[in-house]
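In what follows, a structure is listed as structure tokens, so that the remarks can point back to it.
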Amino acid sequence: MSWDDMRYLLSVAQAGSLKGAARQLGVDKTTVSRRLRAMERSLGRAVVEVSGAELCLTEFGRSMHRHAEVMRDEMQSVNTLAEVGTDAQLGTVRLTAVPLVINRMLLPALPDLHATSQGLRLELISEARDLSLLRGEADIALRLARPTEGGQSVLTRRLGELEYAAYTAQGASADSRWVGYEPRMQYLSHAAAIEKAAKVDGACPVTVNDAETLFRLVCAGQGRTLLPRFIGDDDARLAEVPFAHGVLPKREVWLMVRKELRDLERVQVVVAWISRIFAGLSS
Numbered sequence: 011m012s013w014d015d016m017r018y019l020l021s022v023a024q025a026g027s028l029k030g031a032a033r034q035l036g037v038d039k040t041t042v043s044r045r046l047r048a049m050e051r052s053l054g055r056a057v058v059e060v061s062g063a064e065l066c067l068t069e070f071g072r073s074m075h076r077h078a079e080v081m082r083d084e085m086q087s088v089n090t091l092a093e094v095g096t097d098a099q100l101g102t103v104r105l106t107a108v109p110l111v112i113n114r115m116l117l118p119a120l121p122d123l124h125a126t127s128q129g130l131r132l133e134l135i136s137e138a139r140d141l142s143l144l145r146g147e148a149d150i151a152l153r154l155a156r157p158t159e160g161g162q163s164v165l166t167r168r169l170g171e172l173e174y175a176a177y178t179a180q181g182a183s184a185d186s187r188w189v190g191y192e193p194r195m196q197y198l199s200h201a202a203a204i205e206k207a208a209k210v211d212g213a214c215p216v217t218v219n220d221a222e223t224l225f226r227l228v229c230a231g232q233g234r235t236l237l238p239r240f241i242g243d244d245d246a247r248l249a250e251v252p253f254a255h256g257v258l259p260k261r262e263v264w265l266m267v268r269k270e271l272r273d274l275e276r277v278q279v280v281v282a283w284i285s286r287i288f289a290g291l292s293s
């Protein structure tokens with residue numbers, strides 16, 4: 011089994027489709043399909059399968075994927091050693107979180123990371139849905155709830171809690187209508203609290219499925235909502251307003267790291283940076 015074969019497996023695992031993998035590798039999707047089929051004939055086992063609209067790894071393919079990642083990391087180390095007279099490169103880390111966390115918490119802290127990690131390439135994957143670490147969609151994830159994915163293959167650590175408060179745009183009425191989430195998201199504690207308040211005070215005719223969109227609506231003077239204090243208190247466009255509908259919600263913040271990557275320097279650098287960002291959260 012050659013490293014070149016493994017590159018195709020890694021790309022399909024990350025992209026979830028032949029087209030996406032082809033785009034990453036700079037080839038056409040027919041080439042990706044042909045190389046995967048050749049790999050399966052060589053191994054005598056299927057490594058990919060169709061699941062709904064996605065192309066996923068089989069159980070055997072996931073086992074192969076872990077070995078492929080080790081090979082990738084070793085190849086990166088070899089390439090670094092070969093770069094005589096140049097600065098050593100840490101490599102790439104893929105970090106995923108919801109858009110609000112990436113845009114309002116991580117991006118402002120990037121200068122600190124750049125100052126202490128020359129040669130690191132950080133891929134920030136902003137997604138409202140939870141990407142799978144087991145399928146190689148990310149190396150590190152931040153979750154706003156206790157993780158249920160991964161078992162012993164994923165390391166988890168509680169970073170703290172996000173305390174919520176009610177905010178509206180500066181100069182806007184403190185009793186403006188509530189802006190909240192679509193009905194499918196009422197399982198979230200803060201979404202349920204907004205819905206409860208809106209039944210009393212009045213709701214905006216617009217609902218969203220993402221906190222970043224909610225944040226932008228409130229900044230634009232479209233109503234009031236619940237946001238993490240970590241974000242609302244730090245934005246001059248927002249003003250805190252009273253919340254008279256029970257106890258304000260809190261959400262746990264969890265860090266997830268793929269176990270086999272925990273000892274890599276680049277992963278340790280990013281984990282330390284994240285820990286510094288969230289050090290001020292209540293425990």
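Just so we're aligned, residue 11 is where the sequence shown starts under our numbering, counting upward by one.
For each residue, glycine too, the CB sits at the ideal point set by N, CA and C.
Nothing here was measured: the structure is a model prediction, and the numbers come from that model.
Are residue i and residue j touching if we call contact CB-CB under 8 Å?
| i | j | result |
| --- | --- | --- |
| Ser186 | Arg234 | yes |
| Pro259 | Ser199 | yes |
| Arg294 | Trp264 | As displayed, the chain neither begins before 11 nor continues past 293, which places residue 294 out of reach and without an answer. |
| Leu65 | Ser127 | no |
| Glu171 | Arg261 | yes |
| Gly71 | Val80 | no |
| Ala155 | Leu248 | no |
| Leu227 | Val267 | no |
| Leu20 | Arg82 | yes |
| Ser73 | Ile112 | no |
| Leu100 | Glu275 | yes |
Let's test the definition: count the other Cβ atoms within 10 Å of the Cβ of residue i and tell me whether it reaches 16, buried, or not, exposed.
| i | result |
| --- | --- |
| Tyr177 | buried |
| Val60 | exposed |
| Arg45 | buried |
| Glu192 | exposed |
| Tyr18 | buried |
| Ala107 | buried |
| Gly95 | In this predicted model, Gly95 has a pLDDT of only 43, less than 50, meaning its place in the structure is not dependable; the value taken from the coordinates is given anyway. With fewer than 16 other Cβ atoms within 10 Å, it is exposed. |
| Leu143 | buried |
| Arg104 | buried |
| Arg194 | exposed |
| Gly242 | buried |
| Thr102 | exposed |
| Met16 | buried |
| Thr158 | exposed |
| Tyr174 | buried |
| Asp97 | Low confidence applies here, because Asp97 scores a pLDDT of 47, under 50, leaving its location unreliable and the question unanswered by this model. |
| Ala32 | buried |
| Ser293 | Because Ser293 carries a pLDDT of 46, less than 50, the predicted location of this residue cannot be relied on, and the following value inherits that uncertainty. Exposed, by the Cβ-count rule. |
| Ala78 | buried |
| Arg153 | buried |
If you draw a straight line from the alpha carbon of residue i to that of residue j, how long is it in whole angstroms?
| i | j | result |
| --- | --- | --- |
| Gly212 | Thr223 | 20 Å |
| Val280 | Pro238 | 23 Å |
| Leu132 | Val210 | 44 Å |
| Gly231 | Phe253 | 18 Å |
| Asp122 | Met49 | 43 Å |
| Ala25 | Gly256 | 43 Å |
| Ala63 | Gly30 | 13 Å |
| Thr41 | Asp14 | 13 Å |
| Leu271 | Ala56 | 25 Å |
| Arg47 | His75 | 16 Å |
| Glu250 | Asp38 | 52 Å |
| Glu93 | Gly129 | Confidence at Glu93 is low in this model, with a pLDDT of 45, below 50, so its placement is unreliable and no value can be given for it. |
| Ala201 | Asp220 | 11 Å |
| Leu116 | Pro215 | 31 Å |
| Leu53 | Trp283 | 41 Å |
| Gly161 | Gly181 | 48 Å |
| Gln196 | Arg51 | 47 Å |
| Gly290 | Asp244 | 13 Å |
| Pro118 | Thr68 | 39 Å |
| Phe225 | Val218 | 10 Å |
| Ala125 | Ala246 | 27 Å |
| Met85 | Ser43 | 24 Å |
| Phe288 | Arg114 | 12 Å |
If residue i and residue j are in contact, beta carbons under 8 Å, what's the gap, nearest whole angstrom?
| i | j | result |
| --- | --- | --- |
| Asp149 | Val277 | 6 Å |
| Leu236 | Ala203 | 6 Å |
| Leu141 | Ala151 | 7 Å |
| Lys269 | Ser163 | 5 Å |
Note to self: Which complete beta strand (DSSP E) runs does the stretch 238 to 289 hold, if anything under 3 residues is left out?
What the structure shows: 248 to 251 and 260 to 268
Checklist line | beta strand (DSSP E) runs wholly inside the stretch 41 to 123, at least 3 long, in chain order | finding: 58 to 61, 64 to 67 and 101 to 107
Checklist line | Every unbroken beta strand (DSSP E) within the stretch 152 to 231, with a cutoff of 3 residues, ordered by chain | finding: 164 to 179, 188 to 191 and 213 to 218
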